[in-house]
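Scroll down for the structure; my scribbles are underneath it.
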Amino acid sequence: MRTFTVHMGLLGETPPETIVGEHGPQALRSLSEDSREVVVELLHWTYGAGGGAVFGSLPDAVRQRPWAGPVYGMVLWFGFQTVLARLLDLPQEGGRSVRERIALVLDHALYGAILSELRRRPQQ
Numbered sequence: 066m067r068t069f070t071v072h073m074g075l076l077g078e079t080p081p082e083t084i085v086g087e088h089g090p091q092a093l094r095s096l097s098e099d100s101r102e103v104v105v106e107l108l109h110w111t112y113g114a115g116g117g118a119v120f121g122s123l124p125d126a127v128r129q130r131p132w133a134g135p136v137y138g139m140v141l142w143f144g145f146q147t148v149l150a151r152l153l154d155l156p157q158e159g160g161r162s163v164r165e166r167i168a169l170v171l172d173h174a175l176y177g178a179i180l181s182e183l184r185r186r187p188q189q
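If you're matching positions, the sequence shown starts at 66 in this note's numbering and goes up one per residue.
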């Protein structure tokens, strides 16, 4: 979804790219564009995997609600913006256009929907 929104012009740059490009350690910023892209993607996947693990630890009564995943994805994004980004002194999303914010909300709602569907599959 992030790749789609960037290539469609709905999002100028993904939040992880902005964070690393403007506020990341010098060692990360000095990498080639391709290498930096790989590291940024791995960092974002790590954050997403952690979020997935937390979602997986929620009670079944919560996880199995149809709205739980999408709401969780949006809460994860909002939580990052309101808590972690401030603690790490990272840029706030307030500088983004309404269109970009909508794209980010939909991206995280999709992430949560996927988490939700993965949890509904029967265990083998």
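Just so it is clear, CB atoms sit at the ideal spot from N, CA and C, and this is done for glycine as well.
Within 10 angstroms of the Cβ of residue i, are there 16 or more other Cβ atoms? Answer buried if so, exposed if not.
i, result
"arginine 151", "exposed"
"phenylalanine 69", "exposed"
"leucine 149", "exposed"
Where does residue i sit, in a helix, a strand or coil, going by DSSP?
i, result
"glutamine 129", "coil"
"glycine 115", "helix"
"glutamate 78", "coil"
"glycine 89", "coil"
"aspartate 172", "helix"
"serine 181", "helix"
"methionine 139", "helix"
"leucine 152", "helix"
Are the Cβ atoms of residue i and residue j separated by less than 7 Å?
i, j, result
"alanine 133", "valine 127", "yes"
"glycine 138", "alanine 174", "yes"
"proline 135", "alanine 168", "no"
"valine 85", "valine 71", "no"
"histidine 109", "proline 81", "yes"
Would you report the Cα separation of residue i and residue j, rounded to the nearest angstrom?
i, j, result
"glutamine 129", "glutamate 182", "9 Å"
"leucine 75", "proline 124", "35 Å"
"methionine 73", "methionine 66", "10 Å"
"glutamate 87", "valine 119", "29 Å"
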